[in-house]
Structure formats: C-alpha cells, structure tokens
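The block underneath contains the structure these notes are about, expressed in structure tokens.
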Amino acid sequence: MNPQPKLIFITSLLLGTTITLSSNHWITAWTGLEINTLAILPLISKSHHPRAIEAATKYFLVQATASTLVLFASMTNAWATGQWDITQLTHPASCMILTSALAMKLGLVPFHFWFPEVLQGSPLITGLLLSTAMKFPPITLLFMTSPSLNPILLTTMAILSAALGGWMGLNQTQTRKIMAFSSISHLGWMAMILVYDPKLTLLNFYLYTLITAAVFLTLNTIKALNLSTLMTTWTKTPSLSATLLLTLLSLAGLPPLTGFLPKWMIIQELTKQDMTPTATIMALLSLLSLFFYLRLAYCATITLPPHTTNHMKLWHTHKPTNASVALLVTMSTLLLPISPMIRTIV
43 MNPQPKLIFI TSLLLGTTIT LSSNHWITAW TGLEINTLAI LPLISKSHHP
93 RAIEAATKYF LVQATASTLV LFASMTNAWA TGQWDITQLT HPASCMILTS
143 ALAMKLGLVP FHFWFPEVLQ GSPLITGLLL STAMKFPPIT LLFMTSPSLN
193 PILLTTMAIL SAALGGWMGL NQTQTRKIMA FSSISHLGWM AMILVYDPKL
243 TLLNFYLYTL ITAAVFLTLN TIKALNLSTL MTTWTKTPSL SATLLLTLLS
293 LAGLPPLTGF LPKWMIIQEL TKQDMTPTAT IMALLSLLSL FFYLRLAYCA
343 TITLPPHTTN HMKLWHTHKP TNASVALLVT MSTLLLPISP MIRTIV
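With positions in the sequence shown counted from 1, the corresponding number in the numbering used here is that position plus 42.
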C-alpha cells in the first residue's frame, strides 16, 4: 500500500477514536465508530487475497449491524427520556440493546464468531489494531454507561467469553486465531468487573493492549503465522524467541509478570463484592487460556522441533530488534512491582 493512502487511513482511525472518546452525544459517538470502521477496512483487505476480502466483508457487515443497534438504542432512550447524553442512558430496553451492540463490536460471546475469522484474514499489524485500538471506543462507551448496565447480563457474557475464549483456542495452530481467542477471553475479564469497578476495566484494557502489542510485534518481526513456523524461528532470533516466552506467560497472567496484576485486582474486587464463586470460576477458566499460551511458548523456545523435518531452518540474522519491541517486552514483564503506583494513577 502506498504511504499516502496509509497515512489517510491511520489519521482517520485516530480521528474516529478521538471523536468517540471526546463526545457526550450519541450521534457524535456513532459518527466516530463509523469513521473507525471505514478506515480499517482497506487495511484489512490490502493484500487482495480472497481470505482478506472475505474478512473485510465480514467485518463491515458485523460492524454496520452493531452501529445500527447503537443508533437504535440511543434513539429509543431519547424517545423515552428526552436525553441524548451518553451518561443519561436510563431506559432498560435501551441498556440491553446497547450492551448487545457494543458486545458485537468488541467480539464478546455470543457475538464472537466474526472475530477469529477476520483476524485470520488480516495482516499481523492490522490484527494488532483490531485487537487493541478498535476495541478502545466501544470500551469507553461501556465505561461511560456502566452505572446503567445490567450486571447479570454482563456477568453471564463475561463467564461465557472466558470459557469459550479458552476452550476454542485449545486446538488452534494459527497464531492469529490463538490471539483472537485470547482477546475474547480477556474481554470476559474486562466485562466481569465493568459494573463494579469501571476504572479496573480500563486498567485491564491498557495492560492487555501493552502485552498484546508486544506479542504481535514479536510475531511480526519473526514472521510467524502458525506454530510450525514458530518452531523454526529460534535459529533466526533466539533472544526474541526467549522473550516471547515471558510475554506469553505474562498474557496468561502468571506472577510475577505484569499480566498477573489485572487478574489479581479483579479477583480481589469480586471477593469484596461477595462474588467468591464467580471469582473462582473465572480463575479456573483462565487455566484453559494458560494451556494454549504454554503451547505457544513451548513452540517458540523449543530447540529441536520434533515434527518439522520438512521445514527449512531460517538463517540467524544480526539485524537489531526494533526498539519499540524491546520496550514493550520489558514493560510486559516487569511492571508488577510498581502495581500500587499504577493503581493510584488509573
């Protein structure tokens, strides 16, 4: 893709996100979401491969449906209450429709079916944008409307997302699909705590974005699109493969890595809300995700791949690793000791 169109699309993404974040009227928030959707479509389909075109078509249809539901929910609320303000969403039916619409935009269960397919058809960098930046506007809308949302609906969707995100990722061999199911599982943790401590949802999202960016940029550097390729990359970038192990374990939420912080805080908050059984279920469901993270980590660091005799070993290159990858990997693994400071900032 030429630099000029790419610059226009990236600027449009930033513009759409900024409009949604800074708006207090439903129409301007909807406009920002639409600009975002239209700006990411050429980035998904830029390879002109049939799978990429299919992914862009699926993404457009799902996002258009979700945007229609957002507009319908806001109009229903305005009809019943006379309020177009985002924070004044009080009509129960509007709250249910809006929760479903934003869940569809995010890829929460049961509206998750489009996300793995779209991510599989996209390049790795576009996949990073879909997993992080494109989820930021819907999460901020959920954050702004959190006092009005139905906790039972959100808790049900959260448990189902954590369960299916872990369960369906177990037998995947494509790294992008594994990251898609990882995203669905993490969204379950964010939705779980949204009503009880919205700021904790944002903290979870920020740290998830940080660690996911580190994983996607590492995979992009070593050009690993499936597990069999990942098994042979240790000859090319041994140090990066070793740090990928730590980053994946951080994404799984193992102490003493950064990813443990949001899970720890969420379980603590659920216990304070007398939801100990729910906290126990969420902690057990995270073991499903841990399994496929461990499988990815094992493939990244194994030195003698057992079933890849037909794969050509890659040359060890001395090209220096991108500084942004190094910084993100460091932050993805070493932020737990300063967790009190992080909690006071957010």
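For glycine and all other residues, C-beta sits at the position ideal for the given N, C-alpha and C. Quick caveat: nothing in here was measured; it's all calculated off a predicted structure.
Would you report the Cα separation of residue i and residue j, rounded to the nearest angstrom?
i, j, result
"SER328", "LEU296", "10 Å"
"LEU338", "SER54", "34 Å"
"ALA325", "ASN44", "46 Å"
"THR132", "ASN119", "7 Å"
"LEU195", "THR275", "43 Å"
"PHE155", "GLN125", "33 Å"
"ILE69", "MET273", "48 Å"
"ILE95", "ILE201", "32 Å"
"PRO382", "THR313", "19 Å"
"LYS88", "GLU311", "43 Å"
"ASN364", "MET146", "34 Å"
"ALA321", "PRO47", "46 Å"
"ILE308", "LEU242", "7 Å"
"LEU184", "ILE384", "22 Å"
"LEU249", "SER374", "8 Å"
"PRO193", "ALA135", "14 Å"
"SER64", "ILE52", "18 Å"
"SER116", "LYS265", "43 Å"
"LEU330", "SER292", "15 Å"
"LEU206", "SER188", "24 Å"
Do you know whose CA, among the options, lies nearest residue i's CA?
i, options, result
"TRP72", "ASN246, PRO152, ALA108 and PHE51", "ALA108"
"PRO92", "PHE178, GLU159, THR129 and GLY207", "GLU159"
"THR318", "MET234, PRO382 and ALA342", "MET234"
"PRO304", "VAL257, PRO240 and LEU269", "PRO240"
"SER190", "MET138, ASN246 and MET232", "MET138"
"THR251", "TRP209, SER188 and THR289", "THR289"
"LEU170", "LEU49, ILE86, THR372 and LEU332", "ILE86"
"TYR238", "LEU272, ASP316 and CYS341", "ASP316"
"THR110", "LEU140, LEU83, ILE82 and ASN192", "LEU140"
"TYR101", "LEU80, THR320 and TRP121", "LEU80"
"LEU244", "GLU96, LYS177 and ILE380", "LYS177"
"LEU150", "ILE52, MET232, MET186 and ALA365", "MET232"
"THR285", "SER64, PRO134, LYS265 and THR343", "THR343"
"ARG218", "LEU269, PRO193 and LEU236", "LEU269"
"THR168", "MET199, SER283, ALA98 and SER188", "ALA98"
For the putative contact between residue i and residue j, defined by C-beta atoms under 8 Å, what is the C-beta separation to the nearest angstrom?
i, j, result
"LEU75", "VAL104", "Contact flag wrong, Cβ pair sits at about 12 Å."
"ALA222", "LEU161", "4 Å"
"GLN216", "LEU287", "So it is not a contact: roughly 19 Å between Cβ atoms."
"GLY211", "SER203", "Contact flag wrong, Cβ pair sits at about 12 Å."
"THR279", "THR263", "7 Å"
"LEU378", "PHE302", "6 Å"
"LEU370", "ALA256", "4 Å"
"THR62", "THR182", "7 Å"
"THR59", "PRO179", "6 Å"
"GLN214", "PHE334", "7 Å"
"ILE77", "LEU57", "6 Å"
"VAL367", "LEU259", "5 Å"
Report whether the distance from the Cβ of residue i to the nearest heavy atom of the ligand MG is below 7 Å.
i, result
"GLU76", "Questions concerning the ligand MG fall outside what the structure shown contains, since it holds no ligand whatsoever."
Tell me which residue opens and which closes the alpha helix (DSSP H) that residue i is part of.
i, result
"MET317", "No alpha helix (DSSP H) contains MET317, which DSSP labels as neither H nor E."
"MET234", "217-235"
"GLN130", "Unbroken run through GLN130: none, as it is neither H nor E."
"GLY211", "Unbroken run through GLY211: none, as it is neither H nor E."
"THR276", "The question names Thr, yet the displayed sequence has Trp at residue 276. Neither: TRP276 is in no alpha helix (DSSP H) and is coded neither H nor E."
"ASN246", "240-264"
"LEU299", "Here LEU299 belongs to no alpha helix (DSSP H), and DSSP marks it neither H nor E."
"PRO180", "178-187"
"VAL160", "156-162"
"PRO382", "381-387"
Per DSSP, which one or two residues make a beta bridge with residue i?
i, result
"HIS67", "ASP127"
"ASN364", "Partner(s): none; ASN364 has no beta bridge."
"ASN268", "GLN216"
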